[in-house]
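Engineer: After the structure tokens below, expect a handful of questions from me.
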Amino acid sequence: MKYLLLPLLLCLQALVPASAQTPLPLGIWADDTGDTHIELYRCGEQLCGRLVWLRTPADANGKPLLDEHHPDPAKRSQPLQNLTVLQNLRYNPQNDRWEDGSLYDPENGRTYSCYVAAAGKDKLEVKGYIGFSLIGRSHYWSRVK
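Structure, rendered in structure tokens:
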């Protein structure tokens with residue numbers, strides 16, 4: 013009986029869904045300027061991110077900063093705090109990264125294709141691009157918690 017236990021455990025491990033083994037970079041990350049913190053969280057089977065801290069969260073009058081460059085005028089009154097900036101990232105085990113998502117830049121109101129990949133211990137590479145990922149810009153985020 014004890015000789016059957018190991019093969020049984022190996023078979024059960026093979027039945028565990030791949031998503032249960034997917035590395036999740038969940039938590040709070042500081043951008044490479046240190047001016048914003050982004051919380052990465054699960055949204056269904058995907059990865060999303062929202063702004064949770066801003067070094068300067070308000071204007072000179074004390075009013076919260078708004079998404080004033082959003083292409084949809086109806087959304088320009090949204091506060092930047094808790095604004096979703098990463099969406100629809102899906103894990104690709106072949107490339108060992110989260111990809112095929114979108115990155116919204118509230119500084120210019122543009123949305124880019126993006127991927128997120130580990131770049132060392134407690135570091136992420138977040139690359140935004142238009143068209144092909146070879147042409148784009150990488151940012152390196154550090155884990156806050």
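Positions 13 to 157 (the numbering used here) are the ones given, in order, by the sequence shown. Just so it is clear, CB atoms sit at the ideal spot from N, CA and C, and this is done for glycine as well.
(1) Tell me which residue opens and which closes the beta strand (DSSP E) that Gln58 is part of.
(2) Rounded to a whole number of angstroms, what is the C-alpha to C-alpha distance between Gly46 and Pro85?
(3) Looking at Tyr141 and Ser125, is the spacing between their C-beta atoms short of 7 angstroms?
(4) Among Gln58, Gln93 and Asp117, whose alpha-carbon lies nearest the alpha-carbon of Ala70?
(5) For the stretch 89-146, which segments carrying the beta strand (DSSP E) assignment without a break, of at least 3 residues, lie completely within its bounds, in sequence order?
(6) Among residues of its own chain, excluding the 5 on either side of Asp79, which ones have a beta-carbon nearer than 7 angstroms to its beta-carbon?
(7) Check each candidate in Tyr116, Gln58 and Asp134 and name the one with the smallest Cα separation from Leu40.
(8) Check the C-beta distance from Leu77 over to Leu98 and give it rounded, since I have them as a contact under 8 angstroms.
(9) Could you give the first and the last residue of the continuous beta strand (DSSP E) run that contains Thr48?
(10) Among Thr123, Val138 and Arg102, whose alpha-carbon lies nearest the alpha-carbon of His81?
Structural biologist: Short version:
(1) Position 46 of the sequence shown, counted from the start, is the residue given in the question as residue 58. Gln58 to Leu66 is the extent of the beta strand (DSSP E) around Gln58.
(2) Against the sequence shown, residue 46 aligns to sequence position 34. Against the sequence shown, residue 85 aligns to sequence position 73. The C-alpha of Pro85 is placed about 29 angstroms away from the C-alpha of Gly46.
(3) Taking the sequence shown and counting its residues from 1, the one referred to as residue 125 is at position 113. Taking the sequence shown and counting its residues from 1, the one referred to as residue 141 is at position 129. Closer than 7 angstroms, so yes.
(4) By 1-based counting over the sequence shown, the position of residue 70 is 58. Of the listed residues, the one whose Cα sits closest to Ala70 is Gln93.
(5) Segments of the beta strand (DSSP E) lying fully in the stretch 89-146: 96-104, 109-117, 122-130 and 135-141.
(6) Position 67 of the sequence shown, counted from the first residue, corresponds to residue 79. Cβ neighbours of Asp79 beyond the five flanking positions: Lys87, Arg88, Gln90, Leu92, Leu95 and Pro118.
(7) Along the sequence shown, one-based indexing puts residue 40 at 28. Note on residue identity: the sequence assigns Ile, not Leu, to residue 40. Closest by alpha carbon: Asp134.
(8) Locating residue 77 in the sequence shown gives position 65, counting from the first residue. Locating residue 98 in the sequence shown gives position 86, counting from the first residue. Going by Cβ atoms, the distance from Leu77 to Leu98 rounds to 19 angstroms, so no, they are not a contact pair.
(9) What you label residue 48 is simply residue 36 of the sequence shown in a count that begins at 1. Secondary structure note for Thr48: its beta strand (DSSP E) is the uninterrupted segment Thr48 to Cys55.
(10) Residue mapping note: residue 81 aligns to position 69 of the sequence shown, counting from 1. Among Thr123, Val138 and Arg102, the Cα nearest to that of His81 belongs to Thr123.
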